[in-house]
Amino acid sequence: MAQKGVQLDRETISCSICLDLLKHPVTTTCGHSYCRNCIKAHFDEEDRKGIHSCPQCRKTFTPRPVLEKNIMLADLVEQLKKTGLQAAPADHCYAGPEDVACDVCTGRKLKAIKSCLFCLASYCEKHLQPHYDAAPLKKHKLVAPSKKLQENTCSRHDEVMKIFCRTDQQSICYLCLMDEHKDHETVPAAAERTEKQKELEVRRLNIQQRIQEREKDVKLLQQEVEAINDSADKAVEDSEKMFTELIRLIQKRSSDVKQQVRSQQETEVSRVKELREKLEQEIAELKRKDGELEQLSHTEDHNQFLHNYPSLSALSESTHSSSINIRPLRYFENVTAADPQTVLVGILVGTNCHASEKAIKRTKNNVSSIDNLETFWRKPGFVRRDSIHPTFDGSVVISRNLDKFIKPPKM
1 MAQKGVQLDR
11 ETISCSICLD
21 LLKHPVTTTC
31 GHSYCRNCIK
41 AHFDEEDRKG
51 IHSCPQCRKT
61 FTPRPVLEKN
71 IMLADLVEQL
81 KKTGLQAAPA
91 DHCYAGPEDV
101 ACDVCTGRKL
111 KAIKSCLFCL
121 ASYCEKHLQP
131 HYDAAPLKKH
141 KLVAPSKKLQ
151 ENTCSRHDEV
161 MKIFCRTDQQ
171 SICYLCLMDE
181 HKDHETVPAA
191 AERTEKQKEL
201 EVRRLNIQQR
211 IQEREKDVKL
221 LQQEVEAIND
231 SADKAVEDSE
241 KMFTELIRLI
251 QKRSSDVKQQ
261 VRSQQETEVS
271 RVKELREKLE
281 QEIAELKRKD
291 GELEQLSHTE
301 DHNQFLHNYP
311 SLSALSESTH
321 SSSINIRPLR
331 YFENVTAADP
341 QTVLVGILVG
351 TNCHASEKAI
361 KRTKNNVSSI
371 DNLETFWRKP
381 GFVRRDSIHP
391 TFDGSVVISR
401 NLDKFIKPPK
411 M
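Numbered per the UniProt record's numbering, the sequence shown spans residues 1 to 411.
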């Protein structure tokens with residue numbers, strides 16, 4: 001049984017599975033002890049394998065071992081609960097190189113949980129208790145553990161510095177007040193801290209107000225970004241619709257032109273072929289007449305010649321003009337005579353120019369960074385209406401050029 005003042009190794013009475021003090025300790029055949037529920041749950045998981053093992057030494061058991069209560073450990077744990085004795089601190093409770101150690105502990109020191117500005121010492125939980133129990137110690141100022149307590153001590157007089165010299169802006173002890181700082185403006189360090197704390201709070205308040213203002217500005221800028229993106233997306237969508245419609249219109253115009261050209265081609269070819277056939281018939285008739293005349297011209301009998309001559313039919317008049325004026329072979333060149341850019345501008349102005357202008361004006365209203373609509377019209381690819389003659393009607397550019405070959409000139 002543990003005696004008062006005796007510290008126990010925590011690992012001795014702790015379960016290696018749950019890392020807590022043993023509850024209903026049981027011992028396996030290999031000698032290791034666990035909480036009954038912890039080792040039972042461990043063996044339950046291993047039932048599927050058919051082989052059970054110790055979580056610490058990994059010794060295997062077949063079949064599943066019967067767990068026996070460890071009476072000694074159970075009694076020890078119960079006595080600890082009744083007497084209130086604590087197990088020895090675990091390793092993580094001891095002070096390391098980076099920790100503040102308790103100044104009272106002997107041997108291996110525990111971590112300090114508080115430092116006293118009056119005592120200029122640091123204490124672990126156990127050795128700090130008097131500061132909570134003893135009335136004189138309750139007045140001491142406790143702070144978070146600090147390794148810089150000696151900085152609160154006057155290097156000249158080895159006294160705690162509790163006074164602040166406003167003249168030299170430094171902390172001093174009461175002996176410095178009687179010596180080199182005798183005629184200086186001094187106040188208790190706590191009073192100076194209170195005043196500086198108020199100034200600090202005012203500065204913090206100003207900073208927080210500026211933070212709020214800047215956060216509002218950031219929010220407004222975010223809204224501006226969203227507005228720009230929405231407006232740009234809308235402008236892109238509108239332009240895609242406009243150019244899609246423009247392409248559709250151009251394709252339709254192209255199809256119409258092809259149809260009219262082919263129709264006129266058929267008409268012209270038919271007319272020329274008909275004329276050619278008539279001319280070929282006339283040529284054949286003329287050749288036949290010429291053959292008869294040639295044959296008669298070779299007749300040697302004068303009487304026969306004179307007898308047959310009147311029987312020759314007279315040469316009929318040609319139904320066509322003596323000569324055919326052939327036009328230059330440029331029947332359809334007028335179709336492409338117009339400047340393509342002029343034709344495109346005509347279509348754009350006649351159908352979608354107003355819609356484009358509205359879309360750009362809408363962009364101007366939504367995006368504050370765009371100040372002048374004219375900057376859009378001056379960009380390449382945009383047509384300024386003020387640069388187009390007032391009488392210009394682009395929608396009839398193609399039809400006027402088609403008229404040049406749809407109506408064939410007189411022969």
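Note that beta-carbon positions come from the ideal geometry of N, C-alpha and C, so glycine has one too.
Local Cβ density within 10 Å of C124, reported as buried at 16 or more and exposed below that: Here the question's residue 124 lines up with position 124 in the sequence shown. Buried.
Residue ranges of each beta strand (DSSP E) within the region 102 to 190, 3 or longer: The qualifying runs are 114 to 116, 121 to 123, 163 to 165, 170 to 172, 186 to 188.
Extent of the continuous alpha helix (DSSP H) to which C38 belongs: Mapped onto the sequence shown, residue 38 falls at position 38. Run containing C38: 36 to 46, per the alpha helix (DSSP H) assignment.
One or two residues paired with V26 in a DSSP bridge: Translated into positions along the sequence shown, residue 26 becomes position 26. Y34, K69, per the DSSP bridge assignment.
Cβ of L73 within 8 Å of any chain D Cβ: As a matter of chain content, chain D is missing from the structure shown, which is built from one protein chain.
CB of A101 within 8 Å of CB of K109, strictly: One-based indexing of the sequence shown puts residue 101 at position 101. One-based indexing of the sequence shown puts residue 109 at position 109. It is a contact, given that the beta carbons lie within the stated cut-off.
Beta carbon of I13 nearer than 8 Å to that of C35: Here residue 13 refers to the residue found at position 13 of the sequence shown. Here residue 35 refers to the residue found at position 35 of the sequence shown. Cβ atoms of I13 and C35: not closer than 8 Å.
Any 3 or more C-beta pairs closer than 8 Å across the region 124 to 134 and the region 146 to 159: no
Own chain residues within Cβ distance below 6 Å of P145, not counting five before or after: Within the sequence shown, residue 145 is the residue found at index 145, counting from 1. Taken in chain order, the residues that qualify are V100, A112, S115, S122.
C-alpha gap between K216 and A235, whole angstroms: As a working mapping, residue 216 is identified with position 216 in the sequence shown. As a working mapping, residue 235 is identified with position 235 in the sequence shown. Straight-line Cα distance between these residues: approximately 28 Å.
Nearest neighbour of V66, chosen from S33, K148, Q56 [CA to CA]: Sequence index remark: in the sequence shown, residue 66 carries index 66 (1-based). Taking the Cα of V66 as reference, the smallest distance to any Cα among S33, K148, Q56 is reached at S33.
Boundaries (first-last residue) of the alpha helix (DSSP H) holding L306: Walking along the sequence shown from the start, residue 306 turns up at place 306. Unbroken alpha helix (DSSP H) run through L306: 302 to 308.
Of the residues V160, L137, R262, E285, the one placed nearest K148, counting alpha carbons only: Taking the first residue of the sequence shown as position 1, residue 148 is located at position 148. Ranking V160, L137, R262, E285 by Cα distance to K148 puts V160 first.
Status (buried if at least 16 other CB within 10 Å, exposed otherwise) for L22: Position 22 of the sequence shown, counted from the first residue, corresponds to residue 22. By the Cβ neighbour-count rule, L22 is buried, with 16 or more other Cβ atoms within 10 Å of its own.
Residue closest to I172, alpha-carbon to alpha-carbon, out of F243, A95, F164: Counting from 1 along the sequence shown, the entry for residue 172 is found at position 172. Measuring from the Cα of I172, the nearest candidate turns out to be F164.
Secondary structure of T299, DSSP reduced to three states: For the purposes of this step, residue 299 is taken as residue 299 along the sequence shown, with counting starting at 1. It is coil, neither helix nor strand.
Length of the line joining the Cα atoms of Q169 and A232: Taking the sequence shown and counting its residues from 1, the one referred to as residue 169 is at position 169. Taking the sequence shown and counting its residues from 1, the one referred to as residue 232 is at position 232. Approximately 59 Å, taken between the alpha carbons.
Buried or exposed (CB count within 10 angstroms, at least 16 for buried), D20: Residue 20 sits at position 20 when you count from the first residue of the sequence shown. Counting Cβ neighbours within 10 Å, D20 comes out exposed, since fewer than 16 surround it.
Which of helix, strand or coil DSSP assigns to T62: Walking along the sequence shown from the start, residue 62 turns up at place 62. Coil, per DSSP.
Whole-angstrom distance between D290 and D301, CA atom to CA atom: For the purposes of this step, residue 301 is identified with residue 301 of the sequence shown, where counting begins at 1. For the purposes of this step, residue 290 is identified with residue 290 of the sequence shown, where counting begins at 1. Near 20 Å, if we compare the C-alpha coordinates of D290 and D301.
Pick from T27, E45, V272 that is closest to M72, judged by C-alpha positions: Translated into positions along the sequence shown, residue 72 becomes position 72. Just measuring C-alpha positions, the residue of T27, E45, V272 sitting nearest M72 is T27.
Straight-line Cα distance separating Q209 from C119: For the purposes of this step, residue 119 is taken as residue 119 along the sequence shown, with counting starting at 1. For the purposes of this step, residue 209 is taken as residue 209 along the sequence shown, with counting starting at 1. Taking the Cα positions, C119 is about 41 Å away from Q209.
Cross-strand partners of L21 (DSSP beta bridge): Walking along the sequence shown from the start, residue 21 turns up at place 21. BP columns for L21 point to S14.
C-alpha distance - M242 paired with V225, whole-angstrom precision: Position 242 of the sequence shown, counting from 1, holds the residue named residue 242. Position 225 of the sequence shown, counting from 1, holds the residue named residue 225. Answer to the nearest angstrom: the Cα atoms are 25 Å apart.
Cβ shell of S292 (< 8 Å), same chain only, five flanking positions each side left out: Within the sequence shown, residue 292 is the residue found at index 292, counting from 1. The question names Ser, but residue 292 in the sequence shown is Glu. Residues L312 of the same chain have their beta carbon placed closer than 8 Å to that of E292, with the five preceding and five following residues left out of the count.
Beta-carbon proximity check, P136 vs A74, cutoff 8 Å: Counting from 1 along the sequence shown, the entry for residue 136 is found at position 136. Counting from 1 along the sequence shown, the entry for residue 74 is found at position 74. Not closer than 8 Å, so no.
Cβ-based neighbour list, R166, same chain, cut-off 8 Å, excluding 5 preceding and 5 following: Translated into positions along the sequence shown, residue 166 becomes position 166. These residues qualify, in order along the chain: H184, E185, T186, V187, E192.
Exposed unless 16 or more other CB atoms sit within 10 angstroms - verdict on N70: Within the sequence shown, residue 70 is the residue found at index 70, counting from 1. Classification of N70: buried, given that the 10 Å Cβ count is 16 or more.
Residue from Q56, R58, K59, R64 with nearest C-alpha to D44: As a position in the sequence shown, residue 44 is number 44, starting the count at 1. Nearest C-alpha to D44 among Q56, R58, K59, R64: R64.
Same chain, Cβ closer than 6 Å to C15, five either side skipped, listed in chain order: For the purposes of this step, residue 15 is taken as the residue at position 15 of the sequence shown. Only L22, Y34, C35, C38 meet the Cβ criterion.
Proximity below 8 Å, CB of C30 to CB of K49: What you label residue 30 is simply residue 30 of the sequence shown in a count that begins at 1. What you label residue 49 is simply residue 49 of the sequence shown in a count that begins at 1. No; because the gap between Cβ atoms is not below 8 Å, this pair is not in contact.
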